[in-house]
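Protein chains in written order, with our numbering: chain A, 1 to 181; chain F, 182 to 362.
Don't be surprised by glycine CBs; every beta carbon is placed ideally from N, CA and C.
Number of protein chains: 2
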Amino acid sequence: MNSGDSSAGGGGDEALKEAREAFINHWGAMGSAWGINRTMAQIHALLFTATEPMSTDGIMAELQISRGNANTNLRELASWGLIRSVMIRGERKEHFEAEKDVWKMFCLIARERKRREVSPTVEVLEECRQRTRGLRTAESRQFARQMKEIGDFLRLGETLLEKAVAMEESKAVALARKLFR
Amino acid sequence: MNSGDSSAGGGGDEALKEAREAFINHWGAMGSAWGINRTMAQIHALLFTATEPMSTDGIMAELQISRGNANTNLRELASWGLIRSVMIRGERKEHFEAEKDVWKMFCLIARERKRREVSPTVEVLEECRQRTRGLRTAESRQFARQMKEIGDFLRLGETLLEKAVAMEESKAVALARKLFR
DNA sequence: CATATTTTTCAGTATTTACTGAAAACGGCT
DNA sequence: AGCCGTTTTCAGTAAATACTGAAAAATATG
Numbered sequence: 001m002n003s004g005d006s007s008a009g010g011g012g013d014e015a016l017k018e019a020r021e022a023f024i025n026h027w028g029a030m031g032s033a034w035g036i037n038r039t040m041a042q043i044h045a046l047l048f049t050a051t052e053p054m055s056t057d058g059i060m061a062e063l064q065i066s067r068g069n070a071n072t073n074l075r076e077l078a079s080w081g082l083i084r085s086v087m088i089r090g091e092r093k094e095h096f097e098a099e100k101d102v103w104k105m106f107c108l109i110a111r112e113r114k115r116r117e118v119s120p121t122v123e124v125l126e127e128c129r130q131r132t133r134g135l136r137t138a139e140s141r142q143f144a145r146q147m148k149e150i151g152d153f154l155r156l157g158e159t160l161l162e163k164a165v166a167m168e169e170s171k172a173v174a175l176a177r178k179l180f181r
Numbered sequence: 182m183n184s185g186d187s188s189a190g191g192g193g194d195e196a197l198k199e200a201r202e203a204f205i206n207h208w209g210a211m212g213s214a215w216g217i218n219r220t221m222a223q224i225h226a227l228l229f230t231a232t233e234p235m236s237t238d239g240i241m242a243e244l245q246i247s248r249g250n251a252n253t254n255l256r257e258l259a260s261w262g263l264i265r266s267v268m269i270r271g272e273r274k275e276h277f278e279a280e281k282d283v284w285k286m287f288c289l290i291a292r293e294r295k296r297r298e299v300s301p302t303v304e305v306l307e308e309c310r311q312r313t314r315g316l317r318t319a320e321s322r323q324f325a326r327q328m329k330e331i332g333d334f335l336r337l338g339e340t341l342l343e344k345a346v347a348m349e350e351s352k353a354v355a356l357a358r359k360l361f362r
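Below is the structure:
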């Protein structure tokens with residue numbers, strides 16, 4: 001009973017450390033694929049799986065990154081509401097902890113992406129539509145219709161998310177399950 | 182009645198051209214924000230708003246890009262199913278047209294992102310969970326639980342999308358509207 | 001208020017990602 | 001087979017993005 005067994009002792013800590021590292025790395029890669037800076041996603045994963053709030057220095061050490069990098073991405077994560085700074089008594093350094101509730105996390109991301117990307121897109125589409133609305137060529141009419149169709153789709157999506165995000169997780173999940181039993 | 186009026190003639194064509202360009206640019210920027218290469222998104226927008234299928238050369242000229250760049254991104258768009266190549270009689274060059282139905286477009290993107298990103302993530306999470314499952318420390322238990330929670334959330338999302346994507350647009354929209362009247 | 005500690009900023013640099021263009025490969029045609 | 005128009009590939013390069021580290025600014029301490 002030693003290295004193959006994962007139920008106790010140093011081997012267990014090792015397994016946890018490795019699994020956590022795998023998660024942090026994968027979360028970083030996923031961030032990249034979805035237009036989020038890899039480091040920002042890694043810091044998020046690190047804090048999400050941390051049991052205690054961490055200082056900037058702790059994060060720098062863990063992820064082997066510079067102070068500037070850590071600071072920038074911590075501020076960005078805070079601006080999304082995904083982490084918050086907490087003061088630890090007896091410590092002067094700022095410490096950070098992540099929102100641990102997956103549903104709340106999802107709501108924060110949805111809200112922010114809507115605000116930063118979807119809504120501005122809806123505006124551009126509407127503007128494109130208005131600019132070509134009076135035109136009478138077949139091309140213009142088709143274009144204006146397409147702008148309307150994407151706009152309608154995005155607005156419907158926005159509404160759905162708004163409603164979902166306003167719900168308790170349990171309600172939302174129950175609804176989802178009922179819908180597609 | 183001249184430049185200010187947008188209802189007919191050359192001014193109208195100009196307005197359409199400008200609006201279309203604005204759409205293409207914005208679509209490209211949105212692509213970037215969501216982890217999709219800007220040029221790929223621009224080609225998509227170009228074909229989406231085109232009335233006729235376009236050749237690689239046409240696309241190169243319109244977006245001022247090289248043949249290699251155009252070719253790569255056209256193949257990538259085709260691999261997502263967002264465009265298809267069509268043969269034009271009398272022409273030897275390959276021509277491309279985009280899926281114009283917004284709901285179908287959404288379904289294609291959802292399916293592809295699920296396949297490429299969400300499902301692999303679910304697998305990693307499951308693996309992380311398994312690797313720490315036997316451990317008995319508080320940290321390990323919390324970590325394993327977190328992996329399960331994200332995994333459950335993503336799987337539920339996958340299921341919902343699968344079902345939605347299997348529906349007709351009209352049904353899906355009707356359902357959405359009913360849900361949140 | 002002088003000093004120590006922490007945080008922010010940002011010019012310079014490194015890394016990653018995307019693009020070009022020319023050569024090679026392909027595919028039809030005679 | 002040999003030619004010709006088309007598409008693909010990919011080494012080299014450009015552009016975009018992310019990161020470092022040290023200096024400046026802010027904040028706390030006695």
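Within its chain, find whatever has a CB closer than 7 Å to the CB of residue i; leave out the 5 residues flanking it on each side and keep chain order.
i	result
L47(A)	M54, I83, F96, E97 and A98
R67(A)	T56 and M60
For residue i, collect the residues of the same chain with a Cβ closer than 6 Å to its Cβ; drop the 5 residues on either side in sequence, then sort them by chain order.
i	result
N73(A)	T39, M40 and I43
L306(F)	M328, I331 and G332
Q64(A)	none
L342(F)	A291
Counting along the chain, where does the beta strand (DSSP E) carrying residue i start and finish?
i	result
I83(A)	I83 to V86
E97(A)	H95 to A98
Along the chain, where does the alpha helix (DSSP H) that runs through residue i open and close?
i	result
E139(A)	A138 to V165
V118(A)	Careful: V118(A) lies outside any alpha helix (DSSP H) and carries neither H nor E.
E349(F)	Here E349(F) belongs to no alpha helix (DSSP H), and DSSP marks it neither H nor E.
F229(F)	R219 to F229
E91(A)	Per DSSP, E91(A) belongs to no alpha helix (DSSP H) and is neither H nor E.
T253(F)	R248 to S260
Of all the options the options, which has the alpha carbon lying nearest to the alpha carbon of residue i?
i	options	result
E272(F)	V303(F), E298(F), C309(F) and T237(F)	T237(F)
A251(F)	L356(F), R292(F) and E275(F)	E275(F)
A231(F)	S351(F), F204(F), F287(F) and R270(F)	F204(F)
G217(F)	R314(F), C309(F), E339(F) and E257(F)	Before going on, a small fix: residue 217(F) reads as Ile here, not Gly. Ranking the options by Cα distance to I217(F), first place goes to E257(F).
K17(A)	V283(F), T302(F), F324(F) and A226(F)	F324(F)
R297(F)	H207(F), E339(F) and R314(F)	E339(F)
A15(A)	A347(F), M348(F), C309(F) and L360(F)	C309(F)
M105(A)	V118(A), A45(A) and A33(A)	A45(A)
G363(F)	R113(A), G58(A), S85(A) and E21(A)	Residue coverage of chain F in this structure runs from 182 to 362, which leaves residue 363(F) outside it and unanswerable.
For residue i, which beta-bridge partners are listed by DSSP?
i	result
M30(A)	Answer is none; M30(A) lacks a bridge partner.
M235(F)	F277(F)
Determine, for residue i, whether the minimum Cβ-Cβ distance to residues of chain A falls below 8 Å.
i	result
K359(F)	no
H207(F)	yes
G262(F)	no
K344(F)	yes
T237(F)	no
Checking contacts by CB at 8 Å: is residue i closer than that to chain F?
i	result
M30(A)	yes
T39(A)	no
A174(A)	no
C107(A)	no
A98(A)	no
Looking only at its chain, what residues have a beta carbon closer than 8 Å to the beta carbon of residue i, apart from the 5 residues adjacent to it on each side?
i	result
L108(A)	W80, G81, L82 and E99
M87(A)	E94 and H95
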